[in-house]
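Participant: Residue numbers (full-length UniProt numbering): 1 to 341.
Glycine included, C-beta positions come from ideal geometry on N, C-alpha and C.
Mind having a look at this structure? Questions to follow.
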Amino acid sequence: MLGKVILEEAFALPRLEEKTKWWAGMFSTDAERHTKEIQDLTDIRLRFADQYGVGYTILSYTAPGVQDIFDPKEAQALAVEINDYVAEQIKPFPDRLGAFATLSMHNPKEAAEELRRTVIEYGFKGALVNDTQRAGADGEDYVFYDQPEWDVFWETLTDLDVPLYLHPRNPTGIVFEKLWKDRQWLIGPPLSFAVGVSLHALGMVTNGVFDRHPKAQVILGHLGEHIPFDMWRINHWFEDRKKLLKPGLDCKKTIREYFNENFWITTSGHFSTTTLNFVKDEVSADRILFSVDYPFETFEDGCNWFDNAEMNTGDRLKIGRENAKGLFKLEEYKDSSAKVI
């Protein structure tokens, strides 16, 4: 399929190469190649895109990124640097490349202001944050964005009419020591990523974020971070148990309604047709977006899987590009109207 849109695609600042290599060592068998690919925003990336039928890519800063910096001033300075850098890099390719804002999430108002700046000044397509923000003098505090003090941020997001991509990051500090240190094979895609993001996303539901901000849109990667597979059980306990046990539960709709109205799910790094079909049955093809998760995954694996997966043409169009075109209000880009058989 030509004209695909992908949107969980990482980059890193060249000046932080040593940190990038350390991170690559956790997730890549070839750290040197990974570092080269993740630091390249245009040349290598666009060659792969041309080869595998990707028309438009939305870039985002690699995890753990700014969310790993617990000094607020340092985090904010790095976020601004990253945003200015990627804006300059993609400027010559408006019909091929876009970006999500990188945000320090220490302060709701500051995050909202940087989001507004990047969307208005640079045309960014929203923001991607790497789960909770580390905070406190020792980095052992964790900022969640599901509390009322974050309403100013959600108001800005909906005012700008752009989505927030809630991406995972690695466990750190006491959470790492107590839960993951002796189970390191489970860090990342096998389990820890989904554990962190699903907690955060469902916290947004139960703490009333989408009731206070019904137009807010949140994107989850990796076919929903396990949530679709527990949809019935979550809904059963919310509706048949919790709301009876605790009448003050701060969510007014069902979990299915929130996923139909406020959440989007991408295929990033999860190239299974069986799993995709299950998620389609749970949330419909109208809320699913194709993505690769490059360079942690390859264009070859992601695109060859999607192009050859058994599905009807309507669903392939929706997931491959049409849903993204609507969500991000994309104008014409390479092969954006190419025929799909």
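Round the Cβ separation of ILE187 and ASN207 to the nearest angstrom and send it over; I've been treating them as touching at under 8 Å.
Facilitator: Taking the first residue of the sequence shown as position 1, residue 187 is located at position 187. Taking the first residue of the sequence shown as position 1, residue 207 is located at position 207. Not a contact, Cβ separation roughly 27 Å.
Participant: Kindly list the residues whose CB is nearer than 7 Å to the CB of GLY224, restricted to its own chain and excluding five residues on each side of it in sequence; keep chain order.
Facilitator: Numbered from its first residue, the sequence shown carries residue 224 at position 224. Once the five neighbours on either side are set aside, the close Cβ partners of GLY224 are ILE265, VAL279.
Participant: Check each candidate in THR57, ALA10, TYR52, GLY53 and name the one with the smallest Cα separation from HIS34.
Facilitator: The count along the sequence shown starts at 1 and reaches residue 34 at position 34. Ranking THR57, ALA10, TYR52, GLY53 by Cα distance to HIS34 puts ALA10 first.
Participant: With DSSP run on the structure shown, which of helix, strand or coil describes LEU13?
Facilitator: Taking the first residue of the sequence shown as 1, we reach residue 13 at position 13. Note: LEU13 maps to coil in three-state DSSP.
Participant: Could you tell me which uninterrupted alpha helix (DSSP H) segments, each at least 4 residues in length, are contained entirely in the segment 235-291, listed from first to last along the chain?
Facilitator: The segment 235-291 contains these whole alpha helix (DSSP H) runs: 255-261, 273-283.
Participant: Could you tell me the alpha carbon to alpha carbon distance between GLU239 and LEU16, rounded to whole angstroms?
Facilitator: For the purposes of this step, residue 239 is taken as the residue at position 239 of the sequence shown. For the purposes of this step, residue 16 is taken as the residue at position 16 of the sequence shown. Computed Cα separation, rounded: 47 Å.
Participant: Can you give the Cα-Cα distance for PRO295 and GLU37, rounded to whole angstroms?
Facilitator: Position 295 of the sequence shown holds residue 295. Position 37 of the sequence shown holds residue 37. Approximately 7 Å, taken between the alpha carbons.
Participant: Quick one: is residue 359 buried, meaning 16 or more other Cβ sit within 10 Å of its Cβ, or exposed?
Facilitator: The shown model of the chain, from 1 to 341, leaves out residue 359, and the question about it has no answer.
Participant: Three or more C-beta pairs closer than 8 Å, one from the segment 140-152 and one from the segment 101-110: is that the case here?
Facilitator: Judged by Cβ distances under 8 Å, the segment 140-152 makes contact with the segment 101-110, as three or more pairs qualify.
Participant: Relative to the C-alpha of PRO64, which candidate in HIS226, GLY196, VAL86 has its C-alpha closest?
Facilitator: In the sequence shown, counting from the first residue as 1, residue 64 sits at position 64. Here the closest residue by C-alpha is GLY196.
Participant: Between which two residues does the alpha helix (DSSP H) holding TYR85 run?
Facilitator: If you number the sequence shown from 1, residue 85 lands on position 85. First-last of the alpha helix (DSSP H) with TYR85: 72-90.
Participant: Taking a contact to mean a Cβ-Cβ separation below 8 Å, would you say GLU297 touches GLY269 in this structure?
Facilitator: Residue 297 sits at position 297 when you count from the first residue of the sequence shown. Residue 269 sits at position 269 when you count from the first residue of the sequence shown. Against a cut-off of 8 Å, the Cβ pair of GLY269 and GLU297 comes out as a contact.
Participant: Residues in the same chain with beta-carbon distance under 8 Å from LYS325, minus the five sequence neighbours each way, listed in chain order, please.
Facilitator: Along the sequence shown, read from residue 1 onward, the residue named residue 325 stands at position 325. Excluding sequence neighbours, LYS325 sits near VAL5, SER336.
Participant: I need the DSSP call for THR35, collapsed to helix, strand or coil.
Facilitator: Along the sequence shown, read from residue 1 onward, the residue named residue 35 stands at position 35. Helix at THR35.
Participant: How is the alpha helix (DSSP H) around LEU327 delimited, first residue to last?
Facilitator: The residue labelled residue 327 in the question sits at position 327 within the sequence shown. Looking at the DSSP string, the run of the alpha helix (DSSP H) that includes LEU327 is 323-327.
Participant: Roughly how many angstroms lie between the CA atoms of GLY53 and ILE120, to the nearest whole one?
Facilitator: Position 53 of the sequence shown holds residue 53. Position 120 of the sequence shown holds residue 120. Rounded to the nearest angstrom, the two C-alpha atoms are 29 Å apart.
Participant: Applying the 10 Å Cβ sphere with the 16-neighbour rule, what's the burial state of residue 378?
Facilitator: Lying outside 1 to 341, the shown extent of the chain, residue 378 is not represented and no answer is given.
Participant: Just list the beta strand (DSSP E) runs in the segment 105-136, keeping only unbroken ones of 3 residues or longer that don't cross its boundaries, in chain order.
Facilitator: Entirely contained in the segment 105-136, the beta strand (DSSP E) runs reaching 3 residues are, in chain order, 127-130, 133-135.
Participant: Following the continuous alpha helix (DSSP H) through ASP307, name the residue where it begins and the one where it ends.
Facilitator: Your numbering for residue 307 matches position 307 in the sequence shown. That run of the alpha helix (DSSP H) goes 299-308.
Participant: Do you know how far the Cα of GLY136 is from the Cα of TYR56?
Facilitator: Position 56 of the sequence shown, counting from 1, holds the residue named residue 56. Position 136 of the sequence shown, counting from 1, holds the residue named residue 136. TYR56 and GLY136: Cα-Cα distance of roughly 38 Å.
Participant: For SER272, count neighbouring C-beta atoms within 10 Å of its own C-beta (all shown protein chains included) and say buried if the count is 16 or more, exposed if not.
Facilitator: Position 272 of the sequence shown, counted from the first residue, corresponds to residue 272. Exposed, since its Cβ has fewer than 16 Cβ neighbours within 10 Å.
Participant: Bridge partners for LEU166 per DSSP, in chain order?
Facilitator: Here the question's residue 166 lines up with position 166 in the sequence shown. LEU166 is bridged to VAL129, LEU220.
Participant: Of all the options ASP50, VAL86, GLU74, ALA49, which has the alpha carbon lying nearest to the alpha carbon of THR62?
Facilitator: Counting from one through the sequence shown, the residue named residue 62 turns up at place 62. The shortest C-alpha separation from THR62 is found at VAL86.
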